[in-house]
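The structure appears right after this line, and notes come after that.
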Ligand code: AMP
Ligand code: MG
């Protein structure tokens, strides 16, 4: 055996050992595999770092399936979802729901308390009234006035017991809408699925609600761009993320303009209409996407100092970036 051949065998031996923890050799075969699809009314994009294309795709499919499962139980657009059942029946009788739907609603109500009602998962009637995707002019003033300041979150009771978790509403005006928190929760769950299948580097992006597992490579973080609120083709800022979540709410996502005003999909429940101002976005960075999602929606209209104070008092080191006006 000449010396070169011996070295090659030596190399192969090292490669096999690498699976037991000598990372650098295996890492050379690792690549980023990704897939995107439409789910939860947005584009979901999942990337994982793996050394086997086939296995990587199967893992991504499992994660996307989890997102679809959550959409199926938490979407307010579906009458047969758990949220659909709550909205139909929970004013007349307690509705039994899964532990996880109850937990997401509970968490939403927690953020209602913290934000003094700025985040309100019971405001579905206002969202329906404004229907910014289809409207071209504001709804009637008297309807807006009637739904203003109703603090829907105070009329939602979630209880847990031996018979399961139940939801009851004490006002006929409550409609649960988890649009401001469920995508972040789904991104967390997709990340759990991916990491449970042995992946330690992945990027899960549900329409701007993102979880970064590990970094893109050992030395590099995942670089996530935040869109310029005024110019869709530009990235305003790049966030380097490693084992972090970020959720961004932008009032440029869904809106119509009428008489020089911008009417978008982020509602200020006190006035039952979209808060005033021009194009803007708020990104919340933290250790989980569910809370980041709720906070990006709920703190959208706050000033920087109040946002900072609220995050300091109520989260484990969450931070924010606000762009535009
Ligand atoms: P996001 O894109 O995460 O900011 O969520 C926006 C969606 O959350 C809207 O389309 C509504 O379904 C819902 N939403 C709007 N305003 C609020 C609010 N103040 N509190 C809770 N959910 C809201
Ligand atoms: Mg949100």
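Residue numbers (the numbering used here): 52 to 376. The beta carbon of each residue, even a glycine, is placed where N, CA and C say it ideally should be.
Using DSSP's beta-bridge definition, name the partner residues of residue i.
i, result
"residue 325", "318"
"residue 220", "207"
"residue 290", "275"
"residue 306", "315"
"residue 256", "96 and 261"
"residue 226", "174"
"residue 300", "333"
"residue 282", "279"
"residue 88", "95"
"residue 295", "263"
Using the three-state DSSP reduction, which class does residue i fall into: helix, strand or coil?
i, result
"residue 359", "helix"
"residue 374", "strand"
"residue 100", "strand"
"residue 348", "helix"
"residue 144", "coil"
"residue 77", "Any reading at residue 77 must be qualified, since the residue scores a pLDDT of 46, below 50, and its modelled position is unreliable; the value itself is stated next. Of the three classes helix, strand and coil, the one that applies to residue 77 here is helix, per DSSP."
"residue 158", "helix"
"residue 341", "helix"
"residue 365", "helix"
"residue 202", "coil"
"residue 72", "At residue 72, the pLDDT of 34 sits below 50, so the modelled position is not reliable and the matter cannot be decided from this model."
"residue 67", "Caution is warranted here: a pLDDT of 28 is assigned to residue 67, below 50, making its placement in the model unreliable, and no coordinate value can be reported."
"residue 231", "coil"
"residue 240", "helix"
"residue 269", "coil"
"residue 120", "helix"
"residue 82", "strand"
"residue 215", "strand"
"residue 139", "helix"
"residue 188", "coil"
"residue 111", "helix"
"residue 183", "coil"
"residue 152", "helix"
"residue 132", "coil"
"residue 194", "helix"
"residue 249", "coil"
"residue 126", "coil"
Check whether the Cβ atoms of residue i and residue j sit closer than 8 Å, and answer yes or no.
i, j, result
"residue 141", "residue 209", "no"
"residue 298", "residue 266", "no"
"residue 296", "residue 339", "yes"
"residue 148", "residue 305", "no"
"residue 334", "residue 360", "no"
"residue 317", "residue 332", "no"
"residue 95", "residue 115", "yes"
"residue 93", "residue 124", "no"
"residue 232", "residue 172", "yes"
"residue 90", "residue 120", "no"
"residue 307", "residue 326", "no"
"residue 341", "residue 150", "no"
"residue 200", "residue 321", "yes"
"residue 99", "residue 109", "no"
"residue 51", "residue 253", "No answer is possible for residue 51: it lies beyond the span of the chain, which begins at 52 and ends at 376."
"residue 178", "residue 207", "no"
"residue 374", "residue 287", "yes"
"residue 228", "residue 127", "yes"
Could you tell me if residue i is buried or exposed, where buried requires 16 or more neighbouring beta carbons within 10 angstroms of its beta carbon?
i, result
"residue 349", "buried"
"residue 82", "exposed"
"residue 324", "buried"
"residue 167", "exposed"
"residue 251", "exposed"
"residue 176", "buried"
"residue 75", "Note that residue 75 scores a pLDDT of 38, beneath 50, so its modelled location is shaky and nothing firm can be said."
"residue 277", "buried"
"residue 358", "buried"
"residue 60", "Residue placement at residue 60 cannot be trusted, given a pLDDT of 32 that sits under 50; what the coordinates show is reported in the next sentence. Flag for residue 60 reads exposed."
"residue 222", "exposed"
"residue 73", "Low confidence applies here, because residue 73 scores a pLDDT of 35, under 50, leaving its location unreliable and the question unanswered by this model."
"residue 80", "exposed"
"residue 192", "exposed"
"residue 105", "exposed"
"residue 291", "exposed"
"residue 309", "exposed"
"residue 280", "buried"
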